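In the numbering used here, the protein residues as written are 340 to 558.
Every residue, glycine too, gets a C-beta built ideally from N, C-alpha and C.
None of these values were measured; they are calculated from a predicted model.
Working notes for the structure below.
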Amino acid sequence: MILLLEILFLILIYLTNKTDIDNFFDEVYQNVFPQKPPYEIISDQEPQKNLIDYKKYHAEEYYTAYHEAGHSLISLCLSSKSNNACQFIKADILPEKNTLGKTYTSYFSKNPMLQVFVALGGAAAELILKDDHKIPFYKVGEGCGSDLISIKKKLLKYQYSEFQMNQFIHANIKKVKFILNQNKKYLEYIADLLLSRKKITHQDVKHIIPYLKKQFILK
Numbered sequence: 340m341i342l343l344l345e346i347l348f349l350i351l352i353y354l355t356n357k358t359d360i361d362n363f364f365d366e367v368y369q370n371v372f373p374q375k376p377p378y379e380i381i382s383d384q385e386p387q388k389n390l391i392d393y394k395k396y397h398a399e400e401y402y403t404a405y406h407e408a409g410h411s412l413i414s415l416c417l418s419s420k421s422n423n424a425c426q427f428i429k430a431d432i433l434p435e436k437n438t439l440g441k442t443y444t445s446y447f448s449k450n451p452m453l454q455v456f457v458a459l460g461g462a463a464a465e466l467i468l469k470d471d472h473k474i475p476f477y478k479v480g481e482g483c484g485s486d487l488i489s490i491k492k493k494l495l496k497y498q499y500s501e502f503q504m505n506q507f508i509h510a511n512i513k514k515v516k517f518i519l520n521q522n523k524k525y526l527e528y529i530a531d532l533l534l535s536r537k538k539i540t541h542q543d544v545k546h547i548i549p550y551l552k553k554q555f556i557l558k
């Protein structure tokens with residue numbers, strides 16, 4: 340009987356404080372993702388469910404924007420007049436069946452390592468978010484599956500073993516992360532553009548190319 344009363348008492352405390360608990364997590368979410376949503380989800384059916392789905396989607400959109408911004412920025416670093424190795428075409432954060440976002444780049448050089456550097460840009464951007472405590476560690480790399488497949492296909496042409504491929508990726512993602520950090524304000528600029536517009540083209544960002552620190556990539 341005493342145990343039953345204790346259980347009922349705990350349930351009463353939970354119900355009394357549930358609103359405070361929900362408000363606490365709402366506040367934490369707003370601190371991590373302070374940007375105001377560009378639209379509202381309004382529904383007469385299951386509004387609480389829609390609210391939860393919206394928060395999850397907004398977080399994924401935030402991560403995706405930085406991931407695609409990482410690809411885009413490395414592509415732009417290779418678009419300098421001196422390198423002329425490739426040209427950034429466009430990027431978006433429009434979810435489709437198998438992807439949350441895409442970046443398109445045209446390559447003028449036959450060097451497959453350039454495509455590897457661009458492919459590593461997404462994961463490197465996520466690592467920067469993790470360092471800034473804007474993304475939990477377990478989320479890093481969740482959207483990098485297709486990038487890694489692309490990288491490993493390129494390296495297989497050089498008869499890399501699995502161990503050598505992992506070593507190569509580990510060494511070069513540090514280089515890519517370094518250049519993103521050197522151009523962090525432009526990484527954030529591109530991510531913000533993607534969050535507000537959902538898609539961008541070369542025309543939207545070509546003005547930043549002369550200001551990018553990009554000398555590392557072809558050495």
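- Message: Does the region 521-535 come into contact with the region 410-417, if we say contact requires no fewer than three beta-carbon pairs (one atom in each stretch) closer than 8 angstroms?
- Response: Below 8 angstroms, enough C-beta pairs join the region 521-535 and the region 410-417 to call them touching: three or more.
- Query: Should LYS553 be labelled buried (16 or more other beta-carbon atoms within 10 Å of its own) or exposed?
  - Reply: Counting from 1 along the sequence shown, the entry for residue 553 is found at position 214. The residue is buried, with at least 16 neighbouring Cβ atoms inside 10 Å.
- Query: When the Cα atoms are used, what is the spatial distance from LYS478 to ASN522?
  - Reply: Within the sequence shown, residue 478 is the residue found at index 139, counting from 1. Within the sequence shown, residue 522 is the residue found at index 183, counting from 1. LYS478 and ASN522: Cα-Cα distance of roughly 23 angstroms.
- Got a sec, what are the start and stop residues for the beta strand (DSSP E) SER445 sits in? In the sequence shown, the residue the question calls residue 445 occupies position 106. Per DSSP, the unbroken beta strand (DSSP E) holding SER445 starts and ends at 441-446.
- Query: To which residues does DSSP link GLN426 through a beta bridge?
  - Reply: Your numbering for residue 426 matches position 87 in the sequence shown. Answer by DSSP bridge pairing, in chain order: SER445.
- Relative to the C-alpha of ILE432, which residue among GLU407, CYS425, ILE508, ASP470 is closest? What you label residue 432 is simply residue 93 of the sequence shown in a count that begins at 1. Taking only the C-alpha atoms, the option nearest ILE432 is GLU407.
- Apart from the five residues on each side of it in sequence, which residues of its chain come closer than 8 angstroms, Cβ to Cβ, to LYS496? Here residue 496 refers to the residue found at position 157 when the sequence shown is read from its first residue. Correct list, in chain order: PRO451.
- So, are the CB atoms of LEU534 and GLU400 less than 8 angstroms apart? For the purposes of this step, residue 534 is identified with residue 195 of the sequence shown, where counting begins at 1. For the purposes of this step, residue 400 is identified with residue 61 of the sequence shown, where counting begins at 1. In this structure, GLU400 lies closer than 8 angstroms to LEU534 by Cβ.
- Query: Hey, would you say HIS541 sits closer than 8 angstroms to LYS436, going by beta carbons?
  - Reply: As a working note, residue 541 is residue 202 in the sequence shown. As a working note, residue 436 is residue 97 in the sequence shown. With contacts defined as CB atoms closer than 8 angstroms, HIS541 and LYS436 fail to qualify as a contacting pair.
- Message: Between which two residues does the beta strand (DSSP E) holding LYS538 run?
- Response: Along the sequence shown, one-based indexing puts residue 538 at 199. First-last of the beta strand (DSSP E) with LYS538: 538-540.
- Message: If you measure between the beta carbons of VAL515 and LEU459, is that distance less than 8 angstroms?
- Response: In the sequence shown, the residue the question calls residue 515 occupies position 176. In the sequence shown, the residue the question calls residue 459 occupies position 120. Result yes, Cβ atoms of VAL515 and LEU459 sit closer than 8 angstroms.
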